[in-house]
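Per my numbering, residue 571 is the first one in the sequence shown, and the count goes up by one each step.
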Amino acid sequence: MARKSRKYPELVVPVSKDTVGYIRLSVLNGDSHGSVENQKFMIEEWGRQHQIPIMRYYIDNGFSGKRFDRPAFQEMLQDIRKGKIDCVVVKDLSRLGRDYITVGYYLEMFFPRENVRFVSINDQFDTTDGITNRDKSAYIQSKTRIPLINLFNERVSIEAKMKVEAVSDMKAQHGEFIGPRAPFGYQKSNENPSQLVPDPVAAVIVRKIFEMAASGTGVTGIVRHLNERGLPTPIQYARAHGLDGNFDDGNGSWNSRSVKYILTNRTYTGMLVQGKEKRAVEATHEPLVDPSTFDAIQKAFQARAYNVVPQGQSADNILKGKVICGCCGGKMQRKRGT
């Protein structure tokens, strides 16, 4: 049996570990914690003071601290697991997250397990292994202070959400539009973003859809009409006007679902129904269909769903008594409903 050579021992290449910065903003336009640039400046300044270079940044812009599926945050965790990172620096603990239990997990379990130093600049929290404060005199204080800070951060998030919901509900009661995007056929007024005004192009398509439905054309016929003329779908039209986002628009054609959504959306009658409380306010904006026409279309949908003729009598079932179950021999019965 051949012996292994001791002249050339196996080389062990050490894994290079970096100090990185993590930055989070809860909204795209910034929040009370400043811009991405301000957070980066604070982290860079910490690095200069401690003569530690910040090798790279993981940035989540527009993500709530209650969520931990943030793309950059998850990428950072993967790099930590791969042994690429030995120190994470943040502006303060709320940038890591605003959930008391989850943040506690990362501080007391994940970082210590991975032997990662964690630094929160504003909170004066700097660890050796993820939990033990480097300043031993402050260690006992940090055992009670840091959980309280995390609890406070979570409460701030809850109260902020409650305030936003309260303001949105108040606006809904006053008939102000609170949605992030105007429905297809409308656009937000340049003078007042809470006011809907007809879109000069999309409104024509919406009016045509209601006109065809009112004349008795079924949803399938309307879909065929729109696709044959190559008219843009709501998503295609929105993207053409600068709307960003991840959307599933299928094959890019009109379908029954998109048409029926328009035909059953009461916003097109000039009424807004919004918020958790479903606040309904009439005559908030210019209608694209007359309310009586809209109601007639809804009744027609109900009639088709329940297989009812216009006079209100049940339609004759030509298969009555003729369809037999192949297993038990019993007569099959028709049921009405959606």
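For every residue, glycine included, the Cβ atom is placed at its ideal position computed from N, Cα and C.
Delimiting residues of the beta strand (DSSP E) encompassing Phe633 = Run containing Phe633: none; DSSP gives neither H nor E here.
Provide the residue span of the alpha helix (DSSP H) that contains Lys890, from first to last.
-> Per DSSP, Lys890 belongs to no alpha helix (DSSP H) and is neither H nor E.
Drop a sphere of 10 angstroms on the beta-carbon of Gly632, count the other beta-carbons inside from all chains shown, and report buried for 16 or more, exposed for fewer.
-> It counts as exposed.
Give the secondary structure of Pro802 by DSSP, where H, G and I count as helix, E and B as strand, and everything else as coil.
-> Coil, per DSSP.
Tell me Lys846's beta-bridge partners as DSSP assigns them.
-> In the DSSP output, where bridge partners are listed per residue, Lys846 has none listed.
Beta-carbon separation of Leu766 and Leu842 under 9 Å?
-> Less than 9 Å separates the beta-carbon of Leu766 from that of Leu842.
Along the chain, where does the beta strand (DSSP E) that runs through Lys758 open and close?
-> That run of the beta strand (DSSP E) goes Tyr756 to Lys758.
How long is the line joining the alpha carbons of Asn685 and Glu735, rounded to whole angstroms?
-> Each residue's CA atom was taken as its position, placing Asn685 and Glu735 some 41 Å apart.
Cβ pair Asp860, Thr837 closer than 9 Å | Their beta carbons are not under 9 Å apart, which means Asp860 does not touch Thr837 by this criterion.
Can you say whether His623 is buried or exposed, counting buried as having 16 or more other CB atoms within 10 angstroms of its CB?
-> The residue you asked about is not His; residue 623 is Pro in the sequence shown. It counts as exposed.
Residue range of the alpha helix (DSSP H) that includes Gly617 | Where Gly617 is concerned, the enclosing alpha helix (DSSP H) stretches over Val606 to Gln619.
Find the nearest neighbour of Leu796 within the set His811, Arg640, Lys778 and Ala810, judged by alpha-carbon distance.
-> Comparing Cα-Cα distances from Leu796 to each of His811, Arg640, Lys778 and Ala810, the minimum goes to Lys778.
With DSSP as the reference, label Ile622 as helix, strand or coil.
-> Note: Ile622 maps to coil in three-state DSSP.
Residue nearest to Pro857 in terms of C-alpha spacing, selected from Val776, Phe681, Leu889 and Ala784 = Ranking Val776, Phe681, Leu889 and Ala784 by CA distance to the CA of Pro857 puts Val776 first.
Using DSSP with H/G/I as helix, E/B as strand and the rest coil, what is Asp662?
-> When secondary structure is reduced to three states using DSSP, Asp662 falls in the coil class, being assigned neither helix nor strand.
Go ahead and label Cys657 buried or exposed: buried means 16 or more other beta carbons lie within 10 angstroms of its beta carbon, across all protein chains shown.
-> Around the C-beta of Cys657, 16 or more other C-beta atoms lie within 10 Å, and the residue is accordingly described as buried.
Is the Cβ-Cβ distance between Ser747 and Ala808 less than 9 Å?
-> Sequence check: residue 747 is Phe here, not Ser. Cβ atoms of Phe747 and Ala808: not closer than 9 Å.
The region 786 to 803 touching the region 820 to 833, judged by at least three CB pairs closer than 8 Å = With the cut-off at 8 Å, the region 786 to 803 and the region 820 to 833 touch.
Helix, strand or coil at Asp696 [DSSP, three-state] = Three-state DSSP puts Asp696 in a strand.
Using 8 Å as the threshold, is the region 633 to 652 in touch with the region 663 to 672, meaning 3 or more CB pairs across them?
-> With contact defined as three or more Cβ pairs closer than 8 Å, the region 633 to 652 and the region 663 to 672 are in contact.
Use the C-beta contact count for Met909: other C-beta atoms within 10 angstroms, 16 or more gives buried, fewer gives exposed.
-> In this structure the chain extends from 571 to 908, so residue 909 is not present and cannot be described.
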